[in-house]
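Asker: Here's a structure for you.
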Amino acid sequence: MKNEFKVIADLIEKDKKVLDVGCADGTLMKFLKDNKNINIRGLEISKEKVQECIAKGLTVIEGNAEKDLKQFPDKSFDYVVLSQ
-17 MKNEFKVIAD LIEKDKKVLD VGCADGTLMK FLKDNKNINI RGLEISKEKV
33 QECIAKGLTV IEGNAEKDLK QFPDKSFDYV VLSQ
């Protein structure tokens, strides 16, 4: 796992709701779900990456952050993550 993901994971409390914007292949999402009991959702622009996430059992939708974040009501998540 990338070092930056470890830093992010340390900042997020257990049992919270998280949105991972630009979640790529879901590496961070999977770690948070499995190790911190996080209720996590992802938003990813790449159809291929969305399929990778779904294959891992993750909940991800295909979309563009600039346009599609508005579908989530305010205060839907305790944390929103945007990383490289």
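All letters in the sequence shown, in the order written, are residues -17 to 66 by the working numbering. We put the beta carbon where it would ideally sit given N, CA and C, even for glycine.
1. What residues in its chain sit with their C-beta under 7 Å from that of Ile(-6), if we drop five residues either side in the sequence?
2. Where does the unbroken beta strand (DSSP E) through Ile43 begin, and where does it stop?
3. If you run the structure through DSSP and keep just helix, strand and coil, what is Lys(-8)?
4. Tell me whether Asn21 sits in a helix, a strand or coil according to DSSP, three-state version.
5. Along the beta strand (DSSP E) that carries Lys(-1), what are the first and last residues, could you check?
6. Provide the residue span of the alpha helix (DSSP H) that contains Gln53, from first to last.
Answerer: Looking at the atomic coordinates:
1. Val0, Leu14, Lys18, Ile20, Tyr61
2. 42 to 44
3. Correcting the residue type first, residue -8 is Asp in the shown sequence and not Lys. The answer is helix: DSSP assigns Asp(-8) an H, G or I state.
4. strand
5. -1 to 3
6. Gln53 -> no alpha helix (DSSP H), and no H or E assigned at all.
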